[in-house]
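Residue numbers (the numbering used here): 89 to 173. C-beta: ideal position from N, C-alpha, C; glycine also. Quantities reported herein were computed from a predicted structural model and do not represent experimental measurements. Below is one structure, written out as structure tokens, with a few remarks after it.
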Ligand SMILES: [Zn+2]
């Protein structure tokens, strides 16, 4: 079954929002610090490929996590910046 792409929100700690593209449990977005590198995250950490549950922007070191819809729902629903302080 082909996975559908959908647009989800990126929630920053300062209250601003961005957009991410989600495909199944994967999400891709660009940090709002201006770094052009695409950040990739997953709603469910993949132990087989050792994919971490959070992603750090290499430029500003903000960390993000991708959340899923909850039990039985693995699709990426939202990306949120994690407080690192
Ligand atoms: Zn950044």
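Report whether the distance from the Cβ of residue i to the nearest heavy atom of ligand 1 is below 7 Å.
i: residue 150; result: yes
i: residue 123; result: yes
i: residue 147; result: yes
In or out: residue i buried (at least 16 other Cβ within 10 Å) or exposed?
i: residue 170; result: exposed
i: residue 148; result: exposed
i: residue 127; result: buried
i: residue 129; result: buried
i: residue 93; result: exposed
i: residue 119; result: buried
message = Restricting to runs no shorter than 4 residues, where is the alpha helix (DSSP H) found entirely within the segment 94–129?
response = none
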